[in-house]
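One structure below.
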Amino acid sequence: MLDEEEKQPSLPSTPVQPRRTRSQKQEKSWADMAEEGVNTDAHPVIDLHPGEGHEPHANGEEFTGQGHNESPKSPAQLGRPHKRTSSIKSNKSTASKKPVSEGPDGQQQKLVYEKFESPDGKQLTSVKPDDSYEEALRTDEKEETRKKQQQTKASRDELVSGRRAGAGWESSAIRWAPLNVPLQRRLQTGMVLVHTLSIALFLAAFFVLCAIPVLWPLLLPYLLYVLFSKAGTSGTLKYRSEWLRRLPVWSLFASYFPARLHRSQELPATRKYVFGYHPHGIISHGAFVAFATEALGFAQLFPGITNTLLTLDSNFRIPLYRDYALRLGLASVSRESCENILSKGGPNGEGMGRAITIVVGGARESLDAQPNSLRLVLARRKGFVKLAIRTGADLVPVLAFGENELYEQFDPQAHPTIHKFQLLVKKALGFTIPLFHARGVFNYDVGMMPYRRPLNIVAGRPIMVRKQERPDSKYVDEIHAQYVDELKRIWDEWKDVFAKHRDGDLEIVE
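UniProt numbering puts the last residue of the sequence shown at 510; the count rises by one with no breaks.
In structure tokens form, the structure reads like this:
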């Protein structure tokens, strides 16, 4: 509130001495304003509307007044000292700026009035300090923060603590799977796990049966049958089960990655074919889901063609597992098996409408299965080309984008000793074991489960082959060159779609 003397600008020249009461405390705030660049000799006088007394304006407007240097300063209200409130902390405040007085240097001074309203409806109008006031507050806060940090550092210097228990688990390098994973994803993981461990599971089941003496009279003849059976090489495919190949669970297996099968051209069912699958990868999941099951719709893309995926002949000597593989339509990759399949069956009994799928790179190529790269062991692999010429089967290159990305393994260039040992094992046993890892069932970093990365299997255009009983070497080289060119065409056309994160281009080695 303003004193009565402040309303009379025409008082005698004798200055009115201000009362020295509680307003003495106010002098400090005016001194602060002097430090902040505000003229302490000028005190604003608010001209209230007539008839409203000293109550704040009801319509929420702001007021400006002109200060008089010789006017006394208003004392603080009893029990309610002056209080500044920053406009940043006000929910309801308005401000206006006008030149209202001249400072000691003759320059016009801008005074800004703010009206605040408290949550309980009380209103307060005050002078808004300039920017230096806010800067001073920020400086004080920084100084307090610095002092607290110094105090904390000093206390730490005085107190020495041991390691905090459990700190390592908070920064674990293994990312664990959450518990609230949808059921469908759990089923997908379970199906891929069963396929990955299928050989071990069937062997374990067989050993359990062997532990039951009453079954020995049946198991002994069965073992003899497994050792001498020719079912994997006969080419009759009489154990093939379309019901097993079309089970809905294979759709769960395919959607785990997910995997897709694409064709470049329709294939007439009046011809026979040799599909060459590249690359081998670690376990060739793409070849299995595309050609050993109907999860990706091979029969719809290539109607009238019966395809057989080929695998090692030793797999047909594993008890129980060989029966499972035969019913999926798998066969041995031996020369005898390939020629029997392509020369038997079909509408004319000579193999028309039959097809085989060979993973050309084999175990040697699995050692080069590095993510974001594609190195194919193909330069000297011409046996499948001779087979196609002898049987009169057309060659169909197949390139699987993403097969090498399903696992991580030791880089053979960074570990040459390990690589040489793996080659010795392959030469002695016919297969090798890559040192690989991927993810687990309940984590994303450690295990033998493949990563969830897209698989796109592209079947290229067929290369027409002229049948020869004794293939000419020049003709073999010509067909082989055409085959490599078609593989390169698939890569060049689709690498920007299916291999966006590649580190290099297609390489043909060995």
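Where is the CB? At the ideal position from N, CA and C, for every residue including glycine. In this text, all values refer to a predicted model and were calculated from it rather than measured experimentally.
Which residue marks the beginning of the alpha helix (DSSP H) containing Asn340, and which one marks its end? Arg335 to Ser343
How many angstroms separate the CA atom of Thr391 from the CA atom of Trp176? 52 Å
Which residues bound the alpha helix (DSSP H) around Glu365? The continuous alpha helix (DSSP H) containing Glu365 extends over residues Gly362 to Ser366.
Which one or two residues does DSSP pair with Val509 in a beta bridge? Answer is Val377.
Nearest-angstrom Cβ-Cβ length linking residue 567 and Thr432, presumed shorter than 8 Å: Coverage of the chain is limited to positions 1 through 510, which leaves residue 567 absent and any answer about it impossible.
Proximity of Val359 and Ala287 at Cβ, strictly below 8 Å: yes
Going by Cα to Cα distance, which pick from Glu266, Gly281 and Gln188 is closest to Ala363? Gly281
DSSP-derived helix/strand/coil call for His43: In this predicted model, His43 has a pLDDT of only 46, less than 50, meaning its place in the structure is not dependable enough to derive any value.
Beta-carbon separation of Gly262 and Leu376 under 8 Å? Here the sequence assigns His to residue 262, which means Gly is not the residue at that position. For His262 and Leu376, no; Cβs fall outside 8 Å.
In whole angstroms, what is the alpha-carbon distance linking Tyr444 and Asn315? 30 Å
Can you tell me which residues form a DSSP beta bridge with Gln409? Phe436
Can you give the beta carbon distance from Arg335 to Gly345, rounded, assuming they're within the 8 Å contact cut? The Cβ separation is near 18 Å, so there is no contact.
Have a look at Arg317 and Ala231 and give me their C-alpha separation to the nearest angstrom. 11 Å
Would you grab the beta carbon distance between Val398 and Ala459 for me? Rounded to a whole angstrom, and I think it's under 8 Å. 5 Å
Helix, strand or coil for Glu493? Go by DSSP, reduced to three states. helix
Three-way DSSP call (helix, strand, coil) for Met449 in this model: strand
Taking the continuous alpha helix (DSSP H) assigned at Asp323, which residues delimit it? Tyr321 to Arg327
Touch test, the stretch 233-246 against the stretch 319-331, Cβ-Cβ under 8 Å, three pairs minimum: yes
For the candidate residues Asn456, Arg271 and Leu312, whose alpha-carbon lies nearest to that of Pro347? Arg271
Out of curiosity, what's the CA-to-CA distance linking Pro258 and Phe401? 12 Å
How big is the Cα-Cα spacing for Pro450 and Tyr407? Each residue's Cα considered, the two are about 6 Å apart.
Thr145 burial status per 10 Å Cβ neighbour count (16 or more: buried): exposed
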